[in-house]
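For the sequence shown, the numbering used here assigns the number 18 to the initial residue and increments by one for each residue that follows. All C-beta atoms in this analysis are idealised placements derived from N, C-alpha and C, irrespective of residue type, glycine included. Notes to accompany the following structure.
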Amino acid sequence: MAEAIARPGRTMPRHVAIIMDGNGRWAKSRSLPRTAGHRKGVEAVRDVVKAARELGLPYLTLFGFSAENWRRPETEIFDLMHLLRFYLRSEIAELHRAGIRLRVVGDRTRLAADIQAMIGNAEEMTRANAELKLTIALSYGGRQEIVIAARRLAEEVAAGRLAPEAIDEALFARNLLTGDIPDPDLLIRTSGEKRISNFMLWQCAYTEFVFTDILWPDFTRRELENAIEEFHRRDRRFGAVSSR
Ligand code: IPE
Ligand code: IPE
Ligand code: MG
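Written as structure tokens, this is what we have:
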């Protein structure tokens, strides 16, 4: 199957990003509590990470919890944080064995201290791995990220260490949390919603979007492959004239 997707003469996406949406609706359709959907969603994360590695994708980014998701009921946030702990505790060793580098982007100061510590350890442990660069966006907001970068550059200018005219797109991009990660080539959003919900606003300037009605807990390797197939049918022009 991997061979079918990664055929010679085809440029595979270097970076696939996924807005994992629809856990709540998946649970609701089964008359289950929302947590059951989140729990099943963690299984889908596991499968998709494995599939991405097997397909040889260099970068995979998963949107796990947005800066705006802090507006959810405390009980749901508690359940999500519990699942995050569970995921980190059970998966880090396996990710490391599989040669995966884990990184978290977002405002981690809002996460519990033990979760911050687990993330720090995982990043340190997997730092040199090169199989798949897995980024998980937690407590992440695209606008917040841009404001932080702007503030950091403004401080450099105010301190006399940076000339305003030295600020260009490349320097700005390097000051984002994704500084050393290429922009996503393909963004997938599950659950039928067709919006970006404050995800990687700067980075998605020329990203191809694939929206699927599949709810995140039902997302499988096959769905990932379908999205990549759709990506291959797109004509990326970047403002220029088609070369096809
Ligand atoms: C995605 O599923 C998981 C998170 C945003 C944390 P949702 O919880 O948003 O599920 P729906 O959109 O309510 O179905
Ligand atoms: C976006 O999903 C955030 C994540 C998938 C982590 P939401 O379910 O929070 O998005 P909205 O509120 O429907 O835009
Ligand atoms: Mg949602």
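Cross-strand partners of residue i (DSSP beta bridge)
i: Lys211; result: None; Lys211 has no bridge partner.
i: His32; result: Tyr76
i: Ala53; result: For Ala53, which the question treats as bridged, DSSP gives no partner whatsoever.
i: Leu193; result: Answer is none; Leu193 lacks a bridge partner.
i: Ala154; result: Phe80, Val122
Residues of its chain near residue i, where Cβ-Cβ distance is below 8 Å and the 5 sequence neighbours each way are ignored
i: His249; result: Arg27
i: Leu241; result: Val33, Val65, Ala68, Ala69, Leu72, Ile205
i: Gln133; result: Arg125, Thr126
Span of the alpha helix (DSSP H), counted from its first residue to its last, around residue i
i: Ile132; result: 130-143
i: Ala183; result: It is not in any alpha helix (DSSP H) - Ala183 carries neither H nor E in the DSSP assignment.
i: Leu101; result: 91-114
i: Arg118; result: Here Arg118 belongs to no alpha helix (DSSP H); instead the beta strand (DSSP E) covers 117-122.
i: Glu247; result: 238-250
i: Asn40; result: 40-45
Residue i classed as buried or exposed, judged by whether at least 16 other C-beta atoms fall within 10 angstroms
i: Asn40; result: buried
i: Glu85; result: exposed
i: Trp43; result: buried
i: Ala147; result: exposed
i: Val164; result: exposed
i: Arg120; result: buried
i: Ala110; result: exposed
Residue i - containing beta strand (DSSP E), residue span
i: Gly159; result: Counting along the chain, Gly159 falls outside any beta strand (DSSP E), though it belongs to the alpha helix (DSSP H) covering 159-175.
i: Gly81; result: 76-83
i: Arg206; result: 203-206
i: Glu148; result: Segment: none, Glu148 is in no beta strand (DSSP E) and carries neither H nor E.
i: Val227; result: 225-228
Proximal residues to residue i (C-beta, below 6 Å), its chain only, five neighbours per side dropped
i: Thr229; result: Thr207
i: Tyr223; result: Phe255
i: Ser260; result: none
i: Arg118; result: Thr143, Asn146, Lys150
i: Glu108; result: none
i: Leu218; result: Gly159
i: Gln161; result: Ala84
Beta-carbon contacts of residue i that lie in its chain and below 7 Å, excluding the five residues immediately before and after
i: Ala16; result: The structure shown does not extend to residue 16, since the chain is modelled only from 18 to 261, so the question has no answer here.
Check each residue's C-beta against every heavy atom of ligand 3 and list, in chain order, those closer than 7 Å. Asp38, Gly39, Gly41, Ser208, Glu210
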